[in-house]
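Protein chains: 2
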Amino acid sequence: MKTNLKHLFNKEIKEGVEILSIGTELLLGNIVNTNARWIAEQLSILGLNHFRQTTIGDNAERLSQLVKEISMRSNLLITTGGLGPTPDDLTTESIAKAFNQKIYARESIWEEIKMKLSQKKPYITNLSLKKQCFFPKDAQIINNPKGTAPGMIWKPKENFTILTFPGVPDEMKVMWEETAYNFIKSNFSDGSIFFSNTLKLTGIGEATVSETIKDLLELKNPTIAPYASLEEVKLRITTKAKSVSEAKLLIKPIKKELKETFSKNIFGEDNESLQSILVKELIKRNESIVFAESCTGGLLSSYITSVSGSSKVFKGGVIAYSNELKHSLLDVPINLINSFGAVSEEVAESMSIGVKNKLKSDWAISVSGIAGPDGGSDSKPIGLVYIAITGPNNKIIKIKKQYNPLRNRNEIQRLSVNDCLNSLRLILLS
Amino acid sequence: MKTNLKHLFNKEIKEGVEILSIGTELLLGNIVNTNARWIAEQLSILGLNHFRQTTIGDNAERLSQLVKEISMRSNLLITTGGLGPTPDDLTTESIAKAFNQKIYARESIWEEIKMKLSQKKPYITNLSLKKQCFFPKDAQIINNPKGTAPGMIWKPKENFTILTFPGVPDEMKVMWEETAYNFIKSNFSDGSIFFSNTLKLTGIGEATVSETIKDLLELKNPTIAPYASLEEVKLRITTKAKSVSEAKLLIKPIKKELKETFSKNIFGEDNESLQSILVKELIKRNESIVFAESCTGGLLSSYITSVSGSSKVFKGGVIAYSNELKHSLLDVPINLINSFGAVSEEVAESMSIGVKNKLKSDWAISVSGIAGPDGGSDSKPIGLVYIAITGPNNKIIKIKKQYNPLRNRNEIQRLSVNDCLNSLRLILLS
Numbered sequence: 018m019k020t021n022l023k024h025l026f027n028k029e030i031k032e033g034v035e036i037l038s039i040g041t042e043l044l045l046g047n048i049v050n051t052n053a054r055w056i057a058e059q060l061s062i063l064g065l066n067h068f069r070q071t072t073i074g075d076n077a078e079r080l081s082q083l084v085k086e087i088s089m090r091s092n093l094l095i096t097t098g099g100l101g102p103t104p105d106d107l108t109t110e111s112i113a114k115a116f117n118q119k120i121y122a123r124e125s126i127w128e129e130i131k132m133k134l135s136q137k138k139p140y141i142t143n144l145s146l147k148k149q150c151f152f153p154k155d156a157q158i159i160n161n162p163k164g165t166a167p168g169m170i171w172k173p174k175e176n177f178t179i180l181t182f183p184g185v186p187d188e189m190k191v192m193w194e195e196t197a198y199n200f201i202k203s204n205f206s207d208g209s210i211f212f213s214n215t216l217k218l219t220g221i222g223e224a225t226v227s228e229t230i231k232d233l234l235e236l237k238n239p240t241i242a243p244y245a246s247l248e249e250v251k252l253r254i255t256t257k258a259k260s261v262s263e264a265k266l267l268i269k270p271i272k273k274e275l276k277e278t279f280s281k282n283i284f285g286e287d288n289e290s291l292q293s294i295l296v297k298e299l300i301k302r303n304e305s306i307v308f309a310e311s312c313t314g315g316l317l318s319s320y321i322t323s324v325s326g327s328s329k330v331f332k333g334g335v336i337a338y339s340n341e342l343k344h345s346l347l348d349v350p351i352n353l354i355n356s357f358g359a360v361s362e363e364v365a366e367s368m369s370i371g372v373k374n375k376l377k378s379d380w381a382i383s384v385s386g387i388a389g390p391d392g393g394s395d396s397k398p399i400g401l402v403y404i405a406i407t408g409p410n411n412k413i414i415k416i417k418k419q420y421n422p423l424r425n426r427n428e429i430q431r432l433s434v435n436d437c438l439n440s441l442r443l444i445l446l447s
Numbered sequence: 018m019k020t021n022l023k024h025l026f027n028k029e030i031k032e033g034v035e036i037l038s039i040g041t042e043l044l045l046g047n048i049v050n051t052n053a054r055w056i057a058e059q060l061s062i063l064g065l066n067h068f069r070q071t072t073i074g075d076n077a078e079r080l081s082q083l084v085k086e087i088s089m090r091s092n093l094l095i096t097t098g099g100l101g102p103t104p105d106d107l108t109t110e111s112i113a114k115a116f117n118q119k120i121y122a123r124e125s126i127w128e129e130i131k132m133k134l135s136q137k138k139p140y141i142t143n144l145s146l147k148k149q150c151f152f153p154k155d156a157q158i159i160n161n162p163k164g165t166a167p168g169m170i171w172k173p174k175e176n177f178t179i180l181t182f183p184g185v186p187d188e189m190k191v192m193w194e195e196t197a198y199n200f201i202k203s204n205f206s207d208g209s210i211f212f213s214n215t216l217k218l219t220g221i222g223e224a225t226v227s228e229t230i231k232d233l234l235e236l237k238n239p240t241i242a243p244y245a246s247l248e249e250v251k252l253r254i255t256t257k258a259k260s261v262s263e264a265k266l267l268i269k270p271i272k273k274e275l276k277e278t279f280s281k282n283i284f285g286e287d288n289e290s291l292q293s294i295l296v297k298e299l300i301k302r303n304e305s306i307v308f309a310e311s312c313t314g315g316l317l318s319s320y321i322t323s324v325s326g327s328s329k330v331f332k333g334g335v336i337a338y339s340n341e342l343k344h345s346l347l348d349v350p351i352n353l354i355n356s357f358g359a360v361s362e363e364v365a366e367s368m369s370i371g372v373k374n375k376l377k378s379d380w381a382i383s384v385s386g387i388a389g390p391d392g393g394s395d396s397k398p399i400g401l402v403y404i405a406i407t408g409p410n411n412k413i414i415k416i417k418k419q420y421n422p423l424r425n426r427n428e429i430q431r432l433s434v435n436d437c438l439n440s441l442r443l444i445l446l447s
């Protein structure tokens, strides 16, 4: 009876999930722990209570001690890191040691690792790679389709399960999606879920957004949380519900209100980007587009071509970094550059007409500006950018931007690209 | 005597610094914990042993419990978050409660807070702001020049000190620099520092690197740690020393050995990138470069133009996404495209010659391939990429790459760009 009671008691206080990130590089501050954030988000989606995250270095003894500690207060532990072939990859053996268990080679996994390596690197014969096929006897393997190090699902004691993942984000994510998600959902979720829907805004600051919807930000279910980055503000609406359809119903009226409030600023939802919605819209219209870039140096084109299917609408572009090429490739008259300078409304306009004619498309965007850190002057400071957009009717829309000159080169390039894309979006909307 | 011994014993096992990040938004995965990385780096610079980082939500009871726990194993705790005016900002009171202490209003700080608010937001009259002036009796205040919430330095028991900071990164950083740095340095640092120097390698995998320098990876001071990303492997050499010059002396022989071992693969150190060293080298040679991009869609150009000063060598480029533009802008013969396909050695070669002639430069790189997820075939699978580099002597170097077809579009584009840049580096080296 006594044991039973104790067992029940333990069961009651032992609930919740923890994340453990393993790697001395994290303690040294060499890298930001993006894995913990990603997993935390996944646990939220599954509606799981997640109380604590810990980061620890590649030290076998401390790691064992910590895992033992966690096994006494939580019932599910997710670890990342330390599954690789190097001597400081100690996760599996240290976890096993915490429960006085040994690890054993699994020959079938070793064969798989060797096969993966022979395709990529036939010359590797490193025996330390074999380490990656050692697991406790009763552990279930999490297959790693993007790398050599598999993870495991292991239940070393009653009411405590560990899932291990490599520290490489891409490997961890695909392993989660292919294997861990379903395992956790069926074994740990109480059936309710957290469901989120994110609205994406641009052309408006976080302070203005927050001020405008002050009251909505106080809501408890759904909650609304704003997150700002350089180019955009996200409004994340989150609700806890029994099903996705119930969640969507709860979110619907809030979403409607936000869409009415920020009608011009909301460009998309969730995984959409300015470039993806533009590609979609241009495909729908059966219209093509080309770019003439100066200060953005190819970044604008790379944004569009990051979208799969962009070749249906994007024909190409010219990066005319030198004045010589602005003339020879885009037919910008030399005297225009001499009179107004390469960074001017006149040259941007001429670049836009030139690229549209030469590359023969329905739409053309040109951009010329001063990204810094050199090249600014009193009359043309760093952050001054001219954009020109020419459409099927050959009407030209000209936009002048002055970004904060204290911003760095990369920020000014990204803000310029964002304004090129958003300006086209607003033109297509109207 | 007994007490004394115990005290000594405690002192011995209780060493090390911990970081505690407080905020439910971290547990929900809403934001990445960049504060922990920044503080970790600062602790490294001060040469302090930092064994553990924890993240916890805005829950008073769990927070008290955790702080008590930490006070038993470490001697310095740095916290961020939970110092604001909202009901879920509970840090100071929860920490005090962990040691059965009360917090009291400090009227002078309250006056200061009110003054700060009247300057910035005269409309705020919220009394809960007063919360921010409550501290334990013997706590020392860390002034917050960028916000309203001060932090504290508090020693609630023998051999345990807590420093609290707000979660807003800009506020935390300036408070660290103005107050905490000196306090920690004079009270906790033994005068030594950690110093790191990172070598960057490409064209070689982490497994091969680790295999080759197995013995070096076992070194204790300096230590060498490998970190891999999609395009590169970093070898970080870290040493603990009395001064930067002593550290550099300790690192020197290791660095020399690594440079000899990986002479072809090491392209730079620390903040250098392939593109930054290429821009530097081309400036030195007074040679210009242009690009003709297909599958990389502008990404190659954007890498070069991310380097400030790149306009000295990069004249521009052509993104010939459509076959039509490969012909009209780069003079690639239509029959060449028809016979061999746009993704072929022949077309890549012709693009490279075309762009060099049209844009008149010393060097030209062209790249054509299949980035996916569509467009692959049995004879030309996703991940097949042709690169051609033409130099001042018009000699053409042709490179064929087959990346793993399971890689996504963005990865194949980034790997292609990396191989374009690295191939040019190797040509310039030879």
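Chains as they are written, first to last, in the working numbering: chain A, 18 to 447; chain B, 18 to 447.
Think of the CB as a built atom: it goes at the ideal place given N, C-alpha and C, for glycine as much as any other residue.
Exercise. Taking the alpha helix (DSSP H) that leucine 443 of chain B falls in, what are its first and last residues?
Worked result: 426-446
For this session: Starting from the C-beta of leucine 180 of chain A, find all residues in its chain whose C-beta is less than 6 angstroms away, skip the five residues before and the five after it, and write them out in chain order.
Result: Ile95, Ile170, Ala197
For this session: Anything in chain A within Cβ reach of phenylalanine 205 of chain B, meaning under 7 angstroms, just list it in chain order.
Result: Those do not exist, as phenylalanine 205 of chain B stays about 16 angstroms from chain A at its closest Cβ, beyond 7 angstroms.
For this session: Would you be able to state if there are at least three C-beta pairs under 8 angstroms between the segment 317-325 of chain A and the segment 338-352 of chain A?
Result: no
Exercise. Do isoleucine 158 of chain A and phenylalanine 152 of chain A come within 8 angstroms of each other at the CB atom, strictly closer than that value?
Worked result: yes
Exercise. Using DSSP with H/G/I as helix, E/B as strand and the rest coil, what is alanine 197 of chain A?
Worked result: helix
Exercise. Would you say leucine 1 of chain B faces chain A, with C-beta separation under 8 angstroms as the test?
Worked result: The requested residue 1 of chain B is not part of the displayed model; chain B covers only 18 to 447.
Problem set entry | glycine 101 of chain A versus serine 91 of chain A: straight-line alpha-carbon distance, rounded | 26 angstroms
Exercise. Of the residues that make up the segment 387-401 of chain A, which ones have a beta carbon closer than 9 angstroms to any beta carbon in chain B?
Worked result: Ala388, Gly389, Pro390, Asp391, Gly392
Problem set entry | Touching by the beta-carbon criterion (3+ pairs, under 8 angstroms), the segment 302-314 of chain B and the segment 274-286 of chain B | no
Exercise. Quick one: what's got a C-beta closer than 6 angstroms to isoleucine 36 of chain A's C-beta in the same chain, skipping five residues either side?
Worked result: Ala53, Ile56, Gln70, Ile95
For this session: In the DSSP assignment, find the alpha helix (DSSP H) that holds proline 186 of chain A and state where it starts and stops.
Result: 186-192
For this session: For proline 102 of chain A, return the contacting residues in chain B, with the cut-off set at a CB-CB distance below 9 angstroms.
Result: Glu223, Ala224, Ser227, Glu228
For this session: Compare the Cα-Cα distances from tyrosine 121 of chain A to each of A/Ser38, A/Leu376, A/Lys147, A/Lys133 and report the closest residue.
Result: A/Lys147
Problem set entry | Contained beta strand (DSSP E) runs [length at least 3] in the segment 276-353 of chain B, N- to C-terminal order | 283-286, 306-310, 331-337
For this session: Enumerate in chain order the residues of its own chain whose CB-to-CB distance from cysteine 437 of chain B is below 6 angstroms, with the five nearest sequence positions on each side excluded.
Result: Leu317, Ile382, Val384, Ile404
For this session: Output the distance between the C-alpha atoms of asparagine 288 of chain B and alanine 242 of chain B, rounded to the nearest integer angstrom.
Result: 17 angstroms
Exercise. So the alpha helix (DSSP H) isoleucine 62 of chain A belongs to, where does it begin and stop?
Worked result: 51-62
Exercise. Roughly how many angstroms lie between the CA atoms of arginine 424 of chain B and threonine 229 of chain B, to the nearest whole one?
Worked result: 27 angstroms
For this session: Keeping to the same chain, check which residues put their C-beta closer than 6 angstroms to that of glutamate 298 of chain B; ignore five residues upstream and five downstream.
Result: Leu445
For this session: Count the other C-beta atoms from every protein chain shown that fall within 10 angstroms of the C-beta of alanine 224 of chain A, then say buried if there are 16 or more, exposed otherwise.
Result: exposed
Problem set entry | chain B contact for phenylalanine 331 of chain A (CB, 8 angstroms cutoff) | yes
Problem set entry | Best match in B/Glu248, B/Lys415, B/Arg79, B/Gly333 for proximity to asparagine 427 of chain B [C-alpha to C-alpha] | B/Glu248
Problem set entry | Whole beta strand (DSSP E) elements within the segment 112-175 of chain B, 3-residue minimum | 157-159, 168-174
For this session: Would you verify that the beta carbon of leucine 94 of chain B is, or is not, closer than 8 angstroms to some beta carbon of chain C?
Result: You won't find chain C in this structure, because its protein chains are A and B.
Problem set entry | Coil, strand or helix - threonine 103 of chain B by DSSP | coil
Problem set entry | In DSSP terms, what tyrosine 244 of chain B is bridged to | B/Lys251
Exercise. Quick one: what's got a C-beta closer than 6 angstroms to alanine 365 of chain A's C-beta in the same chain, skipping five residues either side?
Worked result: Ser383, Ser385, Tyr403, Ala405
For this session: State the Cα-Cα distance for the pair lysine 415 of chain A and asparagine 352 of chain A, rounded to the nearest angstrom.
Result: 20 angstroms
Exercise. If the cut is a Cβ gap below 9 angstroms, which residues of chain B does leucine 252 of chain A touch?
Worked result: Simply none; closest approach about 12 angstroms.
Exercise. DSSP state of phenylalanine 26 of chain B, grouped into three classes?
Worked result: For phenylalanine 26 of chain B, the predicted model reports a pLDDT of 40, less than 50, meaning its position is unreliable; a value from the coordinates is still stated below. Residue state, collapsed to three classes: helix.
For this session: Check whether the Cβ atoms of glycine 164 of chain A and glutamate 188 of chain A sit closer than 8 angstroms, and answer yes or no.
Result: yes
Exercise. Helix, strand or coil: how does DSSP classify glycine 371 of chain B here?
Worked result: helix
For this session: May I ask which residues mark the beginning and end of the alpha helix (DSSP H) holding arginine 77 of chain B?
Result: Arginine is not the amino acid found at residue 77 of chain B; the sequence shown has alanine there. Taken as a continuous stretch (DSSP letters only), the alpha helix (DSSP H) holding alanine 77 of chain B covers 77-88.
Problem set entry | Residue of B/Ala113, B/Ala245, B/Pro162 minimising C-alpha distance to leucine 134 of chain B | B/Pro162
Exercise. Within 10 angstroms of its Cβ, does glycine 400 of chain A collect 16 or more other Cβ (buried), or is it exposed?
Worked result: buried
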